[in-house]
Every structure is written in structure tokens, then in C-alpha cells.
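A quick write-up on the structure given underneath.
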Amino acid sequence: MDLYDRAMRIEAERARVLITVKATPQPSEKYGDTVCVAGVRLDGPTPTWIRLYPIAFRYLGDDAQFAKYDIIELDVRRRDGDSRRESFTPALGSWQKVGHLPPWRDRHEVLRDLEPTTTCRLMRAAERDHRAPSLGLVFPKEFRGLEFSPHQPWSDEQVRKMAARIEKESSALIPAGAVPPVLVAPRLKVRYRYVCEEPTCSSHVGRILDWELTSLQNRSRRESDTRLKQIITEKFVGMMCDSSRRTGLFLGNFELASRRSKFSVLGVYYPRRADVFRAGPTLF
Ligand SMILES: [Zn+2]
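Residue numbers for the sequence shown follow our numbering, so the first one is 20 and each next one is one higher.
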């Protein structure tokens, strides 16, 4: 740890963040079911990635929740024990929603200034250096559809930890009588197959960890497996990857060193091509 890192950990700083990613709650050893929220910091000279973790999102009151493309201000500290340079711990209760960007032109005016990258490049860098970028926006050259597999139920141990966390937090953070049930694992794991823009790319398979996928599965829980797959495909391919859109993927990797070079799809960015064009040709 160098002096700069040490100072960053001690000092809380105020950050202004455009939220772009709400990943699905995953049972966590340490935090119960938490969600990775990520976005772009707007308080520096150029937009930079930031990951906010942990946020026990579903334990927060409605008025404290935020949506994708909200702009929030909050106090953050560098995360102890997480060498991914974008990772910060938010101070619960310090955040305030200060705006929201409508689709798509306003959003693109911010996101077009991110450093362009590819999945191949992110993976190569993560294998070489544990402080390499752990978040990125990539624009696949080609989408090759979805892969489905059964999502295993969570273990008794995972459920027990989530229940313990709800017990601990609910009295302070949610009104009496509004204790949420322990999360149920979604029925399907879903992955995108795609080719990134690297000329030598053969293909990638990226698991979708977008909160929207989990919500969609929850809403469709009474449907058959076949129908559920259709519903997911209609949204994540038919709508999001329509040819009228310039579709990108928000990618993120894992804290665990052995999984650093594996990038999952934390969310989908699907601006209309017309809006991308109007916002300016910086990236395209
Ligand atoms: Zn690639």
C-alpha cells in the first residue's frame, strides 16, 4: 500500500456519480445479499469509472433508492482489501439524488468521453496487473445470441447469511412490518455470446448480471421455461440489440484474484443510433 492509497482510505470524499449499472443481488459471504452499483464519476476533469460496494440495496427505503442514469452525490472511501482501483465504499445515508439523464442523447454526451476499450483488452490487462481496469463499456462487433442454463438454488448457508443480515439491518433501515423476504435465486443463468471489436477476437461468453434480468425473471416466474427464454430473448436481443441501436455492454470483473480476468455483463447500453449521431461522433 503506498501513501496515496493510505490517505485515500482514511479520507472520505464527496463524489458525483452517474449510475449506469445495478447488478443483481448476489449472496455475499460478508454482506448478505448485496448489489454492485457502478457508474461514472462526474466530479473530475474527465469521466472515470466507480464501483460502489457494498450497498444492501433492498433494505433501503424507497426514497433512498436510485435508478439507472440518476445522478447522485455521496461520500465514498476507498475499499479496504479490494485492489480494483474503481472500488469505493459508500457512506450509507450520505447520498442525495441531484438529477436524472433522459435517454439517450444526454447519456451519450457523458459516456462517449470514456476511454474506449474491448473485452479482449480488458482481459489481457487484468491477467497482467491486478490494478488494471475492472469496469468498461465495450461495443461488440457482433452479437451471437443468448445461452441459457439452470441457476442453482442458493445453499442453506447462503440463505442463512442473508436472513441474518435482514434481521440485523431491518430494524434500523426499513419500517416495521416491511421486512422483505429472503431473495429467491432466479431460474436461469443467461449469457451473451458476442465478438468484441478487437480484430483478433474469436468470441466471448459473458454472464448477464443485470438487475433488470432478475426482475424480468421474477415478473415471469409463472411462465414455462420455454416462454421465459422467449421473454428474455425479446428484451435482451430483440429490443436491446435491435439494429436501430448502437448496443454496448457494461462489463465488470470479480474481486477474487482467480476470477479477475473474467468479465461479466453488468448491464446493457442501447442508445438509438440517431441519438448517438446527434450527440457527436467522438467514439463512432
Ligand atoms: Zn474480444
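Ideal placement from N, C-alpha and C gives every residue a C-beta, glycine not left out.
Chain C contact for residue i (CB, 9 Å cutoff)
i: residue 211; result: Chain labels in this structure do not include chain C; a single protein chain is all it has.
Closer than 8 Å: residue i CB and nearest ligand 1 heavy atom
i: residue 222; result: yes
i: residue 161; result: no
i: residue 284; result: no
i: residue 146; result: no
i: residue 138; result: yes
i: residue 217; result: yes
i: residue 214; result: yes
Host alpha helix (DSSP H) of residue i (start-end)
i: residue 144; result: 138–147
i: residue 231; result: 230–238
8 Å Cβ shell around residue i - same chain, five flanking residues per side excluded
i: residue 146; result: 279 and 280
i: residue 292; result: 263, 264 and 265
i: residue 87; result: 38, 39, 40, 41 and 286
i: residue 59; result: 36, 37, 39, 66, 67, 68, 69, 129, 130 and 133
i: residue 205; result: 43, 170, 232, 233, 236 and 237
Close Cβ partners of residue i (< 7 Å) along its chain, the five nearest in sequence each way excluded
i: residue 190; result: Because residue 190 carries a pLDDT of 45, less than 50, the predicted location of this residue cannot be relied on, and the following value inherits that uncertainty. Correct list: empty, nothing qualifies.
i: residue 226; result: 208, 210, 283 and 284
Integer Cβ distance of residue i from residue j, believed to fall under 8 Å
i: residue 74; j: residue 109; result: 6 Å
i: residue 129; j: residue 66; result: 6 Å
i: residue 90; j: residue 56; result: About 13 Å; that fails the 8 Å criterion.
i: residue 163; j: residue 213; result: 6 Å
Contacts around residue i, its chain only, beta-carbon distance under 6 Å, and the 5 residues preceding and following it disregarded
i: residue 200; result: Its pLDDT being 49, under 50, residue 200 is placed unreliably in this model, and the coordinates cannot settle the point.
i: residue 306; result: Because the chain is modelled from 20 through 303, residue 306 falls outside the range shown and cannot be assessed.
i: residue 246; result: none
i: residue 229; result: 286
The beta strand (DSSP E) enclosing residue i, as first and last residue numbers
i: residue 248; result: Note, residue 248: premise wrong, no beta strand (DSSP E); alpha helix (DSSP H) at 244–252.
i: residue 92; result: 89–97
i: residue 129; result: Run containing residue 129: none in the beta strand (DSSP E); it sits in the alpha helix (DSSP H), 124–130.
i: residue 115; result: 115–119
i: residue 225; result: 223–226
i: residue 159; result: Neither: residue 159 is in no beta strand (DSSP E) and is coded neither H nor E.
i: residue 39; result: 32–41
i: residue 68; result: 67–74
Ligand 3 heavy atom lying under 8 Å from the CB of residue i
i: residue 142; result: Among the ligands in the structure shown, ligand 3 does not appear; only ligand 1 can be found there.
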